[in-house]
Structures are given as structure tokens and as C-alpha cells.
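**Q**
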Amino acid sequence: MCDSKIKLKEKDIAKIKEICEFFDNKAGELISVLHRCQSEFGYLPPEIQDVVSDFMNVPVAKIYGVVTFYSFFTMKPKGKYPISICTGTACYVRGAEKVLDEFKKELNLEVGETAADGKFSLSSLRCVGACGLAPVVLVGEKTYGRVAPDDVKEILAAYEN
Amino acid sequence: MSKYKKHIMVCGGTGCRASESDTIVEKMKKELENRNLDKDVQVVITGCFGLCEKGPIVKMLPDNTIYTEVKPVNVTEIIDEHIIKGRKVKSLLPADSYKGKTDSKNMDSFKKQIRIALKNCGFINPEVIDEYIASNGYEALGKALMEYTPEQTIDIIKKSGLRGRGGGGFPTGLKWEFAAKSKGDQKYVVCNADEGDPGAFMDRSILEGDPHSVLEAMAICGYTMGATEGLIYIRAEYPLAIERLQIAIKQAREYGLLGKNILGSGFDFDIILKLGAGAFVCGEETALIHSMEGLRGEPTIKPPFPAESGYNNMPTNVNNVETFANIPTIINKGAEWFASIGTKKSTGTKVFALAGKINNVGLIEVPMGTTLREVIFEIGGGIQDGKKFKAVQTGGPSGGCLTEKHLDTPIDFDNLIEAGSMMGSGGMIVMDEDDCMVSMAKFYLDFTVEESCGKCAPCRIGNKRLYETLDKITQGKGTEADLDLLRNMSHVIKDTSLCGLGQTSPNPVLSTLDNFWDEYIAHVKDHKCEAGQCKSLLQYNIIAEDCVGCTACARVCPVGCIAGEKKEVHIIDQSICIKCGACMDKCKFNAIELI
Amino acid sequence: MAKVKTLADLRKMKSELRSKIQVRENPENPESIVQIKVGMATSGIASGAKEVYNFFTEELAKRNLSGITIQVGDMGYCYAEPTVEVLVPGKDPIVFGYVDVKKADQIIEKYIKNGELLDGIIPPNYQNINE
Amino acid sequence: MIKLKIDHKFVEVEKGTTIYHAAKKLDIDIPILCYMNLEHLDIENKPGGCRICVVEVEGRRNLAPSCSTKVDEGMVVRTNSMRVINARRTVMEFILSDHPKECLTCSKSGGCDLQDLAQQLGVREIPNEETCEMSTYRLDTSPSIIRNLDKCIMCRRCEMMCNEVQTVGALSAIHRGFEAAVGTAFEMNLEASTCTYCGQCVAVCPTAALTEVDHTPQVIRAIADPKKTVIVQTAPAVRAALGEEFGMEAGTLVTGEMVTALRNLGFDHVFDTDFAADLTIMEEGTELLGRLKKHLAGDKNVKLPMLTSCCPGWVNFFETQFPDMKDIPSTARSPQQMFGPIAKTYFADKLGIKREDMVVVSIMPCLAKKYEAQRDEFKVDGNPDVDFSITTRELAHLIKQANMDIKKLDKSDFDQPMGESSGAGVIFGTTGGVIEAALRTAYEIHTGKNLEKVDFDQLRGMEGIREATVDFDGLDLKIGIAHGLGNARKLLEDIRDGKSHYHAIEIMACPGGCIGGGGQPQHHGDSAILKKRAAALYREDAGKPIRKSHENPAIKELYETFLGEPMSEKAHHLLHTHYFDRKRKRNIGV
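Taken in sequence, the protein lines are chains F, Z, E and R. Numbering-wise (the numbering used here), the first sequence opens with residue 1 and increments by one. Numbering-wise (the numbering used here), the second sequence opens with residue 1001 and increments by one. Numbering-wise (the numbering used here), the third sequence opens with residue 2001 and increments by one. Numbering-wise (the numbering used here), the fourth sequence opens with residue 3001 and increments by one.
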């Protein structure tokens, strides 16, 4: 069971309704609706899925089935500075794993986790397509290329304040 | 306004550097100075020419003469003859076949790459439709609508021999024909832009650099099959490509090149975007269609093929980005022209994303039939840091690791399959001597396990078991029986999986077993990892000659496995060592090695 | 924007657009200008192409040079990004790799103003089909 | 016709036939696991997921799943080449490597498709078992159903039943890859979901991933407790299927043997739910006539059509999915829940014992009955009207535990008075039976005439939605029948849209009615079994001396001495209920 309990406000529900209606509440547009909701709220907690289920008349189990199928959808809020390490092949052969290990160590987080203070979250992703810069690390929108394990402390330091 | 009258460009690529291009530069500069020409002639070091085999390369400007295999002793001759006397140094000109067209503008045949799908990438502003039109954009659509019937258009594609660039290599024209012949109230053209192969970015580059070419091709396809709606299924992880596509669609609509009655032909066609959400399996067309329908991206058994019953159960044609990007040029330049490029069964070119331990990481487009050697050692500029080439993985997680012995294999769909790999979408990852092939196979299986949709048992569970067995081997706990097991599991997973993902996922295992058997044996019998990548198989060893007995290592060892008296050689008890590496870091005398 | 209603319209449009380009690329023509193309695909932007693009745009104006900066897609030389192609009328286009602001400054000062080449030029290693 | 060769033999089949079915024609039984053909529902479950049924087709690169590969002219198929046998066994090893190996204590042991196949395919070990990670999930125990997803093999049958057939939408495939399973939203308990406990998922599950909550230990303890008087009631559908658990032909009636077995087990009184079914007809029939009368008198507020309410899965369905319509169904309790309070008042009084000292056990073809028995409104001071509800399958286990074989038992009769029933009560167990029983009584009461022909053939059959018009002496009574909740949904939506023209509708949650209930022996999709069970009930009905509920003397006596008349205040108190809005609530904050 998902224990995160958030309380949606009336205006949040109105927003979700608006999104669903934008897509005519069509079940075939479920993924588009979830994309919009996630970009609006940052993540897709059960409460949001419940409301979407209600408006779109799709069983919430189906929605959960879709949300858990696609790696782009998340049910956990990301950190203020989400850190993603590319673990595509090009980055892998150029040492992404060591960089990832270093981030895990420095942040004391596992992949998919968000720090208790909500500052950083750690995830791995498959190929951002910047293979020339391998290994690549993204912090929010910012890209760091050719990252070595030794650079990790420095990268994090930029967000320490 | 130019300060210099002439320029001498010397290749500074890794290959050329290895054959003394540095010395050539130094000598050039000195000789020019000696002749008081250094104010008129500039010597510059350039990036790789992609002719590494014939290096070092020197190019003369403004006349564009290229000299190959230049040695430091040739420097004076080049300066005296070419610069001073204005005569070409014949002995340094490229081989006979290239004579007569020795300036680089006409040296096209000298170049390994031909750009068709990428023809506009890096040349036009992708956000300005005028630039696309200026470079002959939408001409093919106009031609098809006005001058050809749908059947004739399909015929051109069929005759061109174009095969799907997404991996499978199915003849595109035939696919279009099936969709055209299917009956349905509504038909759909779908562009598969869910590039999920880790280490591949061909499609993204095309969409970001030349979005209109895809829109134009989709409209042509729609015309041939009688579809009025197109959908582009694109990775949500590609925000820039999405943005450029949206701009392109908007501009095309404004120009009336999408929408109702295109170019007065009576043909209606419009395109919308559908976002993927991060599932590699959605590259498979039935999974992709389910995902577009708002469902879990699980594949279904074919038949029925999408051409009969696809999106919303209507006839649907799915092609990938690169396939579409070839279409306008084929229509404009003709099927024969296209078929003349490449090999007989695999015509045209293929775009590859060249990455890994290679000097010139990048996006390349070569005619089918180019050898791996040409791609890796000429275009790619060879292996980084002068290391030894070990393997190249084509086809991403669905492909296999090819080796030295495959380097001269001409790349085409069939040859790659025969070699135990596949074309895939075009990722090409180069590995060197530091890469452990067992670990590499494990890396790919880790990917497959994560990306399997879970619908069918062999892919859901079998790949996990493959991964676990490989993991066991990399930890030094594998046995020879495990190798047999790997092979049997791989064959069964390939044989029984529901979709292309599972049918190809064991390829990295099988191809490494085939090509690197000794390395597997070394792992399971000698518990050795030559590449030094499998940590559990490494041993920290104290080099007796270098150890001064300072005791620093013994003091830092967290498990107390280093014994030795002061000023005497120390020894590591391998049975206790946890391989943390602390001793090696601590040793000031480089007396600890990893073997 | 006007709709392109027929194939003939489209072709007319194309030839007009092309002649404009010829004008700006012809060194004999007083309206000729320097064109700077900056590779701005995801990887280019990730390695700083946007800063370079902005720098060129601002500096060309500041330094009174007639030129335009154009964003284009991936040139293919990912190892050397950001990459920039400079087309000085009458000359072959030159591709520079690893362009940061400092190098961009040199490109303007040395190459565009003086025709002096810089180390690290990337020779084009492919042929483009011409239609 | 298509001609092809399977294992060197030619066979001719119709176009569109699958290899699996073509092979059947040659008596070649290709093993299957996820595939299930529900002919009576016109639904096939063939996700092509288990890959057990793969065969070799000449000219194809990979093996083909025979369940979903259609035959082609001239096709050459091998179902037993070494390549196929090796692949099949290896795939089975994969499946077993991610399946708990606790067969000895597993409730499905002996009746498990996976276990049978493992034996058939000769799997003797799991390679590298010690390094095989297993996918594990939280165990979910609800009032009726236990979900142990560790045992889920992703055959997707339950998902299909829950969504396509029942349209309940409680289950869906969740997660991806190795972690994929069929589960609930947010992996919540079934209890919190939209689950109706219809048990159709349990009925089709090939393993023990979905099983009923086993209440037999409690029943054994109650019988063993000398202070308790234990009363048992058996639902009509049970007698038509129990024999199957003992290897008897489907549709064999074992009513008498069952009564003997129950008595031997030590139940103090063996009664029949059919008695309560007759009682239900009295209440529900009277309610229908009452509503009808008001309607005919022009009362616009009266709710018609009236929907039957004897199926607890159906009650759960409209409470969760159509709470806005909860005043349409009859307020009459189900027979199980009428039996309980009568036993614990009327009969307990007769015995002179206290309510607390009486334990009422019901034998039901149903899993929703377990939940129904536990509903708060069916308790008096915490003491439930029905203490334990066990399924046909659980009863079979009990009988086997007590060293009995139903085939070899003598027949005996139910005890009195609550063992007396009419034929009308018997047919409650099949789709159309409740409404037919109701009409037999309602007709006579409404018209005051004797019903000549008691068989309403037009109401019988297996069509998912049926309708009939019955002449009530000049009044055309329009009757609708739906079984399967997906069909029920269609009728409900029509009512909501004002398009329904029926006066009364019978709804059963399970396809086929109670004979196809979630607690019955597994029918593996064989629709012939369901038809045979239904026929058995109609046979028992035809053989009964009394075939109308209102003629049941025990019922008459019950009203005369205890309840007064149907819909009396006492009857209301004991035999009627009310419904709740149980729609899943959105979480809205302040």
C-alpha cells in the first residue's frame, strides 16, 4: 500500500478536471492526461490517480497499472534538485556506474529515492543522447558532461546553500 | 582582409598524431620561418579527417589539395614544391583511383560517409520552414500528390529497396502496400520516435535537426495508403525534439502543407504528437500502438499485423524516424539512384550513433556495405588513448558483440544477423581491452530485465535468470555448467518469447559466448577477469621488491588481512581480503598491484 | 502566413528563397554576410551551444560585423561539441569544434576578421547529397 | 477448409482455427497454461504469455504459441520435437523458479494447473535455484479472498474476468518486467478496492494466487464444541456441483448424499437454503407486487424496474459502482441472510437455546457470501446471523478429511422444519431461476388464479442478457435477466438513461448464476459443465411435489406462527436490509 497521503485542494481537482476535459475524458488519452498531471503536480500520487479515474471513467487499478508500467511516471515527489545519471551504454562504458556509486555514497541515497529534506533525489536514466559527453549527469535542467567520480563532490557543492 | 594567403592544415586526429603529425606541424612551422613565409602561410592542426588509414593527412588551402601518408621528411618538399613553386607533390597524392580529383571538394568518393537521412541536419535551421523549402523541402510531397498515383509512389519505394531502419529491416514499400490494401474507415500513419536503445540518438538528431523531412514523409505515406491522420509517438525524454516538431507542425499547417486539400490535391493530412512514457518495449509496433491507446505498452501476437488492425483497430502503418527521413529524397532522386547506394539487398545508407571508447564519438551516416573497420578506424578515428580494440556492439541490447574478425564484414541487415548481431536502430558502441565481455553482457541483460514488459514468461523470468547467472560468473562463483545453462536459456528465450524484445535479448550473451569463450572460461575456471572489471575476481598483491615494510597497509586494512614485520615484506591473506583497495591507496611506494 | 496552394507556388517559393541565400553567400554582392551556424541539438545545448549562440549574436552586432547566427541540428561531431560552422562569403565553410565563448571570440577576431585559421578545425568527413 | 500436417498427420480444419484446436482434432493435447476458452461467454483468454503451448512451425524462425497461431494451408507443425520439448520444459523451469515451492501445504495442491504441468513436463529441478530471486508481494487477506501474488504466473485470466466479463475493474496488470503481476490499484487490499468478491478471479486462477479464505477450521472447532448447536444450510447450486470434486460427472445431483455427509460431519441440524429461498420469494414477490400496484395506480415515485437482491456480489457491485441507484433493488435479504435470523430466532426459540449458543454455517457456491455474512447490518450485538460461510470446494475438503466419499454415501433427507423447500427454491441456483420462482408465486397472488404451467421456458438459457414478457392475466409483465456483472452494467446504464422498459430484472453476478459461482469446483471454462449443473437443478425442481414457494408448508407455518405476513414489521426487521454508498471516495483536503 502506498502510504503517502496528500490532500488535494478543490482547485487541484478543478485543474485535473480541466486536463481530463482537454482530452475529452477519452480513455485512449490516459497517458496524455497523466503526462499533463505529472508536469502540473510533479508526481502522480494515488489521490491524483483516483481523481483522474473518476473523471475519465477508467478503473483506478488500470491507471495504476499504466503508471507503474512506464518509468517516466513517478508516484514519489522528486527532490528540489533531481539528479539523474545516464546509464546508457555509451555512458556505461565510460564509467557511469562509478559516478553513480559516488552519488549514492555522497547523498546516502539509493536510485529512485528522495532525500528526507527533499533537496536531492537520485535516479538513473537511459541515454539522454549526449553520448559525446559521456558519462553525463543531469541536475534539474543542467547537464554535466564527462563526469568523473572525483567531480561529484564539486557538482553537489554548487547546490549546497 | 585575410592576413594569410595560404593555409596548411595538418590532421591532429589520434591516428595521425600517432604517426607523427605533431612533428610534421613543428617542422612545417620551422621551415616556413626559415623561408620567411610564416607571415603568409598559416599551419593549423585540425580534427580528424576520417581518413585515418592514410594518415597523416595534410590539406592545402585555398586549392584544397590533400596529401596522404605524409612523413616529416616530406615537409620540405611540400613547402618548396607546393607553396613556393605551386606544383603538386605527386608522390603524396592519394592512391591512383583518386587521382584527378585531388581537391577535397571533389574528393567525395574518398569519404566514407554519405548523408541522405541527415542531409539537412546541421545545415538548416530546423525551426524555420523556409529553410527546409529552400533545400527542396516538400517537393517530394508535391511530386507524389501531383505526378504519381498512390500505387506509383509505393512502387518507387519498393524499387528503392528501402528497408525499415528501426531494426527489423522489413521492406518499407511492401509494408506500405499492405496498409494501402487494407480496408478501414480511418487509417493511420505512425512514426515511431520512441528511441529507447541506450546509446543511440539517431532519431532524436533527425527530429531536432530536420523535423520537416519526417512530416513530409508521413504525408506521402498517408497519401499512398489513404490515411488522413498521422501520429508521432515520441519519447517524453526528448523535450527539444518535441518542441521542434510542434513548431514544424504548426508552420506546415500555416503553409497548408498539412491540413485540408494539400497543394490543391484534395488530399487531407494532419499530424499529432503522442508522448511515450519510458518503456523500451514500446519500440515494438504493437506495444507502441497500445501505448498510444492509453494502455500498458504490452505487445500482442502478430497476426493481426498493424497494417490490418492497428491503432484503434484500424489499418496502421508504423515506420521509424530514419526510415521516413529517407523517403523525400527517394521520391526526388528516384528509386534507381537510391538503390545504387549500398548493397544489393540493403540499399541506401544507415545512420549510426558511434560511441564508447572511440575518438570521434558522433553521428555518422554510411552507405550500407561499409565495413566496421572503416567506421571505427577511419570515421571514428580509432580507439581512445591508443588502447586495443576489443569489440563493437551493434543493435544495442538486441544486438551482439562483434570482434576483430568481423571488422571487414560489410555492414548490412543480413550480414549482421549472420554474424550474431543485428542492425538494430543504429547504436554502435566500441569497447577496448579494459572492457570485460561478461560484464558487458550483464549490463545489457540488466537493461532487458528492467525493460521487459513482463507479459511472457521467458522474457520476464528467463532474462532475470540470465542476468543472475552472469552476475554469478562475474563474482567468480560461476561454473562451466553455468555456461551451458546460459546457452540453453538464451536459445529458449529467443525461441519462445512473444515479441522482438525477448527474441533478441539473449544476443549479447550468445555473441559473447561465441566470440569470447576464453574470457568466460577464464572467469569460471581460473577466476580471472583479464579486463580487470570484475572486482570480485581481482587480487591485491604486494610486490615483494617494492615493499619497504612501512606497515602503512597493514594499519589501514579494515579486516586485518595484511601481515608482516616492520621493514619486512608484507603479505595479504587473500582468503580474508574484502578488496576494498584501502591498502593500495595508502601505499606510497606503489608496491601494491591489482592482478 | 500565406498558404502554399499549389506545387507551382511551392517551387516558386523555393527559387525565391534560394536566390536570397545566393545573394548573401556571394562575396561580390554588397549584401553578402557571414553566416554562423551553431549545432543546437540536445547534446550541443548540453555542452553549452546556447551560450555560444548568444555570444555570436551579440558580438557580431557589437563589433559591427554583418553576419547572422543560425541554430541548426546535430552536425554529427558529438565528440567536439559545441560545434560551429562559419561561412565567410566566397570561402568554403569551416567547422570549428569545442567552441566556448573564448574560442568564439577568437573565431570572430582571427578567422572572420583576418582569415586566420584556428587549431581544431573539423574537416567535413561526409558527402551530402545535392538535390 | 485448411489442410495442414501436425506431427506427421494430416488434418483438415476450418479457416481461422488455431493450431491448438487443430491438434485437438488429432487427439494431440498440447499443454496449455494461460489460455482459457470461456465458450459460454464468447471470450477467450489468450495473452500468449506463458509460452507453454509453443510448437514448431516449419519455415518460422521462432516457436509459435499454438493457442493463438492460426493454421495456414500446407502448414507443417511439430508439437513434440526435441526442440519444442526442451523449450517447453525450460520455460516451465523459468516459471517454477519464480514460484514458491510449498506444494505440500498449498491449498491448491492436487488441483493446481501449474503443478500438473510441472509433472507432465517432467521438471525435476530448478537450475541454480539458490541464486534465483523471487518476486514477492504483500499477502492480502480480505473477508472472502486471499491474494498471494507470489504465486501469480501472469496468466491474466483473473484480470480478464474482473475487467472484460465483470467490469469490476478491481484488478489490473501492474508494474513491469520481473515485478509484473496482476494486482489492485496502489496494491491496496481488495477490501478497499471496488472488488465485489464475486470470486470469478478465484474460479479461473490456475494456481493459488487467488483462493478463498478457508473457514473450515472454524467450522470444525464449532462442531467440536459441545456447548454449541451447529446448524448448516446448503445453497441449491452446491448439490449440482459437489459430486465433481469426487470425480462424478458434472450435473450429478448429490443432494441426499450431501445431507448424509453433513450429518456425519456432526452438524446438529442439516437444513436447506432453499427453504430461505422460498421465504425470499414471499418477501421479494410481495414487494414487487406492491411496487407494481402503485405503479399501475399512477404513482410516479415508485421505482421500477425492481431488481433482485439475493446475490451479494451483485449487491456489492451496485453499492460501489451505482450507488446513486441503491433504492432500486428489492430490500429483501438474500436467502442466506434470511435463513440466519430465522434460525437464530424462530428455530432457536423452538430449541429453547440462546442465540449465542447457536452457530449457523452456510455451504455456498459463492465467495461473496463470506463477506455478506460478515456485514455489520447482519449482526445482532456483534453476533452474526450466519457465523461461517464455506464454499462447495471447502465442503468437499471437509468431507474428504472425514474419510468419506460422496459417491459411496447413502441418501438422506434434510431436517425439519427449515429443510423443507419447493422446486422454486431449488432453481435459485441458476440464472433466470429467481425470477421464475418469483413469477410462480406473484402470478397466483396477483391474479388469484392457479398457474397451470409452472415452467417459464422463456426465462431459461445461458444468454448473457435475456428478456421475456409474461402475461399476468392481461398485464404484460416485462422481465429482464442478466448474469455476469458486465451484462448487469449494461442494464443498469439503460435504467440510468431512462431507456429500460422492464418491470423486474434478475441479476446474478456470476456467469450462469450460482452454479458458476466463485466457490464451485473449477470448470476450466467448459461451458458444458455449467449447462449440466443448470439442468440438474431444473431436474430437481421438476421432481419436487411442491414447486411454488407460497405452497411450502414450512413457510406457511413460519408466517402463521411467527412472522405474520410478508412485509410485516417483523419480516422487515428480520428479512429486509438497506444499502450503502460504497463508492471509493476521493481524498479531498481542506
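Glycine is no exception: its CB is placed at the ideal position from the N, C-alpha and C atoms.
#1: Between which two residues does the alpha helix (DSSP H) carrying R3089 (chain R) extend?
#2: Under 8 Å, do E1603 (chain Z) and G1050 (chain Z) count as touching if we go by C-beta distance?
#3: Just the chain F side, please: which residues come within less than 9 Å of R3584 (chain R) by C-beta, in chain order?
#4: Suppose only complete runs of 4+ residues qualify. What are the alpha helix (DSSP H) ranges in the stretch 2012-2054 of chain E, listed by chain order?
#5: Along the stretch 139-155 of chain F, where does the CB come closer than 9 Å to a CB of chain Z? Name the residues.
#6: Note down the Cα distance separating L3004 (chain R) from D3027 (chain R), rounded to an integer number of angstroms.
#7: On the criterion of 16 or more Cβ atoms from any shown chain inside 10 Å, does A2061 (chain E) qualify as buried, or is it exposed?
#8: Taking DSSP's pairing of strands, which residues face R1540 (chain Z) in a bridge?
#9: Under a Cβ-count criterion, where at least 16 other Cβ atoms within 10 Å of its own Cβ denotes burial, should D1495 (chain Z) be classed as buried or exposed?
#10: Compute the Euclidean distance between the alpha carbons of I3085 (chain R) and Y1520 (chain Z), then round it to the nearest angstrom.
#11: Can you give the Cα-Cα distance for M1 (chain F) and P3206 (chain R), rounded to whole angstroms?
#12: Return the bridge partner residues of C86 (chain F) from the DSSP annotation.
#13: Do K3293 (chain R) and Q3336 (chain R) have their beta-carbon atoms positioned less than 8 Å apart in this structure?
#14: For D3471 (chain R), does the three-state DSSP call read helix, strand or coil?
#15: State the beta-bridge partners of P3065 (chain R) as determined by DSSP.
#16: In chain C, what lies closer than 9 Å to E40 (chain F) by C-beta?
#17: Between which residues of its own chain and M3282 (chain R) is the CB-CB distance below 8 Å, once the five residues before and five after are set aside?
#18: Under 8 Å by Cβ, that's how I've got I3231 (chain R) and D3278 (chain R) pegged, so tell me the actual separation to the nearest angstrom.
#19: On the DSSP bridge list, what partners appear for Y1188 (chain Z)?
#20: Within the continuous alpha helix (DSSP H) that includes L3439 (chain R), where are the two ends?
#21: Got a sec: is the Cβ-Cβ distance from Q1475 (chain Z) to anything in chain F below 8 Å?
#22: Which parts of the stretch 1207-1294 of chain Z are runs of the beta strand (DSSP E), unbroken and 3 residues or longer, counting only runs that do not cross its ends?
#23: Just the chain Z side, please: which residues come within less than 8 Å of R2018 (chain E) by C-beta, in chain order?
#24: Under the three-state reduction of DSSP, which class applies to T1023 (chain Z): helix, strand or coil?
#25: Is the stretch 1314-1328 of chain Z touching the stretch 1183-1195 of chain Z, taking contact as three or more C-beta pairs under 8 Å?
#26: With DSSP collapsed to three states, give me the class of C3112 (chain R).
#27: Which class does G1100 (chain Z) belong to by DSSP, given the choice of helix, strand or coil?
#28: Can the beta-carbon of G2134 (chain E) be found less than 8 Å from the beta-carbon of V2034 (chain E)?
#29: Spell out whether any CB of chain E is found under 8 Å from the CB atom of A116 (chain F).
#30: State buried or exposed for P2030 (chain E), treating a residue as buried only when at least 16 other CB atoms are found within 10 Å of its CB.
#31: Is any beta-carbon of chain E found at less than 8 Å from that of G129 (chain F)?
#32: What are the residues in the stretch 68-79 of chain F lying within 9 Å of chain R by C-beta distance?
#33: Using DSSP's beta-bridge definition, name the partner residues of G1362 (chain Z).
#34: Can you give me the C-alpha to C-alpha distance between I3588 (chain R) and E47 (chain F), rounded to a whole angstrom?
#35: Measuring straight from C-alpha to C-alpha, what distance separates I3043 (chain R) and R3078 (chain R)?
#36: Please work out which residues of its chain come closer than 6 Å, Cβ to Cβ, to K1274 (chain Z), disregarding the five sequence neighbours upstream and downstream, and give them in chain order.
**A** On the basis of the data shown:
#1: 3082-3097
#2: The structure shown does not extend to residue 1603 (chain Z), since chain Z spans only 1001 to 1595, so no value can be given for it.
#3: D50, S53, D54, V60
#4: 2042-2046
#5: none
#6: 15 Å
#7: exposed
#8: The question names Arg, yet the displayed sequence has Tyr at residue 1540 (chain Z). Answer is Z:L1594.
#9: buried
#10: 28 Å
#11: Low local confidence applies: a pLDDT of 36 at M1 (chain F) is under 50, so the model's placement there is unreliable, with the coordinate-based value given in what follows. Going by the C-alpha atoms only, they are around 25 Å apart.
#12: F:L125
#13: no
#14: strand
#15: R:V3054
#16: Here chain C cannot be found, since the structure's protein chains are F, Z, E and R.
#17: T3441, S3549, H3550, I3555, Y3559, P3566
#18: Wrong, their Cβ atoms sit about 17 Å apart, outside the cutoff.
#19: Z:E1229, Z:T1316
#20: 3433-3447
#21: no
#22: 1229-1234, 1270-1275
#23: A1134
#24: helix
#25: yes
#26: coil
#27: Bear in mind that the predicted position of G1100 (chain Z) carries a pLDDT of just 45, short of 50, making it unreliable; the figure below should be weighed with that in mind. It is coil, neither helix nor strand.
#28: The structure shown has nothing for residue 2134 (chain E), since chain E only spans 2001 to 2131.
#29: no
#30: exposed
#31: yes
#32: T68, F69, Y70, S71, M75
#33: Z:L1354
#34: In this predicted model, I3588 (chain R) has a pLDDT of only 47, less than 50, meaning its place in the structure is not dependable enough to derive any value.
#35: 27 Å
#36: L1231, Y1233, M1292
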